[in-house]
Amino acid sequence: MSLRLDEFLIDVKPQREWGWLVITYLFFGGAGAGLFLASLYIGHPWAEGLGLLLLLIGTLFLLLDLGRPERFWRAFFRARTSWISRGCYFITALTVLGGLDLLLQYAGADAATAWPVKAGAAVAAVAVMIYTGFVLSPSPAIPFWNSTFFPVIFFAYSLLAGIDFLILASPVLPPPVIDVARLEKVQFGLVLLCLLMVMSHLSVMSGSAIAARKSIQLLTRGKWGVLFLGGVIGVGLVLPLLLAWPALWQPSFQTMFAITAVLALLRLFGDYLFRFLVIRAGLYDPLL
Amino acid sequence: MTRYGMVIDLNICIGCNACTMACKAEHATPPGVFWGKVLEKEVGKYPAARRVFLPVLCNHCKVPACMDVCPTGATSKREDGIVMVDYDQCIGCRSCMEACPYGARTFHDKAATYYGNGRTPFEEAKQSFSEGVVMKCNFCVDRVEQGGDPACVQTCPTECRVFGDLDDPESKVSRLAAEKKARPLLAEKGLEPSVFYIGS
Chain A
1 MSLRLDEFLI DVKPQREWGW LVITYLFFGG AGAGLFLASL YIGHPWAEGL GLLLLLIGTL
61 FLLLDLGRPE RFWRAFFRAR TSWISRGCYF ITALTVLGGL DLLLQYAGAD AATAWPVKAG
121 AAVAAVAVMI YTGFVLSPSP AIPFWNSTFF PVIFFAYSLL AGIDFLILAS PVLPPPVIDV
181 ARLEKVQFGL VLLCLLMVMS HLSVMSGSAI AARKSIQLLT RGKWGVLFLG GVIGVGLVLP
241 LLLAWPALWQ PSFQTMFAIT AVLALLRLFG DYLFRFLVIR AGLYDPLL
Chain B
289 MTRYGMVIDL NICIGCNACT MACKAEHATP PGVFWGKVLE KEVGKYPAAR RVFLPVLCNH
349 CKVPACMDVC PTGATSKRED GIVMVDYDQC IGCRSCMEAC PYGARTFHDK AATYYGNGRT
409 PFEEAKQSFS EGVVMKCNFC VDRVEQGGDP ACVQTCPTEC RVFGDLDDPE SKVSRLAAEK
469 KARPLLAEKG LEPSVFYIGS
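As they're listed, the protein sequences go chains A and B. Residue 3 in our numbering sits at position 3 of the first sequence, with consecutive numbering throughout. Heads up, our numbering is the position in the second sequence plus 288, with the first residue counted as 1.
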């Protein structure tokens, strides 16, 4: 009896190559760059330094994930085609230019000297926030990642997390005083953007390849359903939106900070969970 | 120009895994690491139930997704189409594994051996890789350069595998692919694999 090729529909296969070390890098790397960018905008050098520190902590997780971490420098060799290689340059540029900006501020350099460094650091921060989306999105093997939404989603989530770290650190940071109420208004818009982008991604993917549809099933009705719908969407996005509205009009800083700190923690929880689930819900297409 | 490829006739494969073991013996791959393997599935219902087999290996794609994502250049394509991994350059980031839709690559994360006392002299002589790198089939490039066939092809007792130059229309592999209308796996991915399958 002749065999039919479509009998070899070996089922979808979950990716297990990248785990919590990569996920933690995605979280801290993005948040660090987001915190740096937000701090650069409001002109807070201490917070800029904190952003760089978060980025370096995240990068450490990425190094630990490598099979041969002592060869990490080789990852700079293929920037022509590899987004991981490009990311190495972005992280290096942000660290160097961000550090230089802090030095110039410490030395009291004039605005004309500092401006090009600040502009370069801002561009590098944006690149660090979005490039991880480009690492995932060209994947021909994992259809759920194969989406142009990811760079935008990762940018929005990174800025959201960065500002959340800024809110949480605001009481202990030296002057200038951080306007938490103003940051919370930005967060309101960013949460809406994240919600819109995540829903759009799910909507587009629901008409995509079989593995992408299975990924969505996992996230909505399968074993990750409670974590995704309850954690990422509910606790991480919708609940902060609902709670933020009355908080925006609080006159006292203490009350305002207490509420926004809780909101920030909820959003950070949702952010980490989002990155965790995006990586864990990646499925390979069946072979036939 | 030569472009090496393979045709596998699923109608002939009996799922004996001789190819799997020949590959392991040829490259002395560690426990749990298979550069080539035979996937198995049960189809149909009793009394017509039966097992079917799908031998898989690196597809040595003409447009290899694994090569573009590699940040070090460890993955490269030779002029004869064979996709290679330089184990001295690989940093073990596994981005190639995420990019390969065929699941053809394996991460060698720990130095496991088949025997308790470390690597055997045979393994020391044969293994060209260290732990912490990603490995895959290289079409037995050493044998091919000497005019031979890959170990899996030479070993197959049913001769369901044919290896040769896909760019030569007169080669056995090209003629077989054309006559039997052989098809690659996941052609829609656009990677132009060099491994084709025959099955109606």
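Where is the CB? At the ideal position from N, CA and C, for every residue including glycine.
Would residue i be called buried (16 or more neighbouring beta carbons within 10 Å of its own) or exposed?
i	result
phenylalanine 380/B	Here residue 380/B turns out to be glycine, not phenylalanine, going by the sequence shown. The residue in question, glycine 380/B, is buried, as its Cβ has 16 or more Cβ neighbours within 10 Å.
lysine 214/A	buried
phenylalanine 451/B	buried
glycine 270/A	buried
aspartate 285/A	buried
methionine 467/B	According to the sequence displayed, residue 467/B carries glutamate and not methionine. With fewer than 16 Cβ atoms within 10 Å of its Cβ, glutamate 467/B is classed as exposed.
leucine 342/B	buried
alanine 212/A	buried
valine 172/A	exposed
methionine 129/A	buried
threonine 317/B	buried
glycine 87/A	buried
methionine 205/A	buried
asparagine 405/B	exposed
isoleucine 216/A	buried
tryptophan 73/A	exposed
aspartate 164/A	buried
threonine 148/A	exposed
tyrosine 292/B	buried
proline 143/A	buried
methionine 256/A	buried
threonine 446/B	exposed
glycine 369/B	buried
Rounded C-beta distance between residue i and residue j? I'm assuming under 8 Å.
i	j	result
leucine 239/A	isoleucine 10/A	Wrong, their Cβ atoms sit about 40 Å apart, outside the cutoff.
aspartate 455/B	valine 461/B	So it is not a contact: roughly 10 Å between Cβ atoms.
valine 421/B	arginine 68/A	6 Å
glutamate 419/B	alanine 399/B	4 Å
alanine 387/B	valine 357/B	5 Å
leucine 248/A	valine 191/A	Rounded, the Cβ-Cβ distance is 12 Å, inconsistent with contact.
glycine 162/A	alanine 31/A	5 Å
leucine 218/A	alanine 281/A	5 Å
proline 389/B	proline 140/A	6 Å
glycine 324/B	leucine 345/B	4 Å
Among the options, which has the Cα closest to the Cα of residue i?
i	options	result
proline 319/B	Arg431/B, Pro481/B, Thr401/B	Thr401/B
leucine 479/B	Ala353/B, Glu433/B, Val429/B	Ala353/B
phenylalanine 90/A	Val123/A, Thr148/A, Asn146/A	Val123/A
methionine 385/B	Pro14/A, Lys223/A, Phe188/A	Pro14/A
lysine 312/B	Lys469/B, Val483/B, Ser482/B, Phe410/B	Phe410/B
glycine 234/A	Lys223/A, Leu266/A, Pro246/A, Ala33/A	Leu266/A
glycine 168/A	Asp65/A, Ile259/A, Arg16/A	The identity of residue 168/A in the sequence shown is leucine, whereas the question assumes glycine. The residue with the shortest Cα to Cα distance from leucine 168/A is Ile259/A.
aspartate 101/A	Lys118/A, Ser200/A, Val12/A, Leu60/A	Lys118/A
arginine 237/B	Met289/B, Thr290/B, Arg291/B, Val295/B	Since the first residue of chain B shown is 289 and the last is 488, residue 237/B is not available in this structure.
proline 174/A	Val12/A, Ser39/A, Ile23/A	Ser39/A
tryptophan 145/A	Ala156/A, Thr132/A, Phe155/A	Thr132/A
glutamine 187/A	Ile210/A, Ser158/A, Pro176/A	Ser158/A
alanine 292/A	Phe155/A, Trp18/A, Leu283/A	Coverage of chain A is limited to positions 1 through 288, which leaves residue 292/A absent and any answer about it impossible.
phenylalanine 322/B	Gly332/B, Glu330/B, Glu314/B, Thr308/B	Thr308/B
glycine 236/A	Met256/A, Val198/A, Val12/A, Lys223/A	Val198/A
phenylalanine 154/A	Glu70/A, Phe27/A, Leu243/A	Phe27/A
arginine 80/A	Val371/B, Met355/B, Gly369/B, Met372/B	Met355/B
leucine 166/A	Tyr25/A, Arg16/A, Gly49/A	Gly49/A
Any heavy atom of the ligand COA closer than 6 Å to the beta-carbon of residue i?
i	result
serine 137/A	In the structure on display, the ligand COA does not appear, and there are no ligands present to speak of.
Please check if any C-beta of chain A sits within less than 7 Å of the C-beta of residue i.
i	result
lysine 333/B	no
valine 421/B	yes
alanine 470/B	no
aspartate 297/B	no
lysine 350/B	no
leucine 464/B	no
leucine 345/B	no
aspartate 456/B	no
lysine 477/B	yes
alanine 336/B	no
alanine 353/B	yes
aspartate 356/B	yes
Beta-carbon of residue i versus every beta-carbon of chain B: anything under 7 Å?
i	result
leucine 166/A	no
leucine 287/A	yes
(request) Check distances from the C-beta atoms of the segment 358-385 of chain B to those of chain A and list, in chain order, the residues that come in under 8 Å. (result) Cys358, Pro359, Thr360, Gly361, Ala362, Gln377, Cys378, Ile379, Gly380, Cys381, Arg382, Ser383, Met385
(request) May I ask you to list, following chain order, the residues of the segment 383-403 of chain B that have a beta carbon less than 8 Å from some beta carbon of chain A? (result) Ser383, Met385, Glu386, Ala387, Cys388, Pro389, Tyr390, Gly391, Phe395, His396, Asp397
(request) Check each residue of the segment 57-81 of chain A: if its Cβ is closer than 7 Å to any Cβ of chain B, include it; give the result in chain order. (result) Leu66, Gly67, Arg68, Arg71, Phe72, Arg74, Ala75, Phe77, Arg78, Thr81
(request) Check distances from the C-beta atoms of the segment 135-156 of chain A to those of chain B and list, in chain order, the residues that come in under 9 Å. (result) Val135, Leu136, Pro138, Ser139, Pro140, Ala141, Ile142, Trp145
(request) Taking a Cβ distance cut-off of 9 Å, strictly less, list which residues of the segment 85-105 of chain A are near chain B, in chain order. (result) Ser85, Arg86, Gly87, Cys88
(request) May I ask you to list, following chain order, the residues of the segment 305-330 of chain B that have a beta carbon less than 7 Å from some beta carbon of chain A? (result) Leu327, Lys329
(message) Beta carbons nearer than 9 Å to chain B: which residues of the segment 105-137 of chain A have them?
(response) Val135, Leu136
(request) Please list the residues of the segment 414-438 of chain B that have a C-beta atom closer than 9 Å to any C-beta atom in chain A, keeping them in chain order. (result) Ser418, Glu419, Gly420, Val421, Val422
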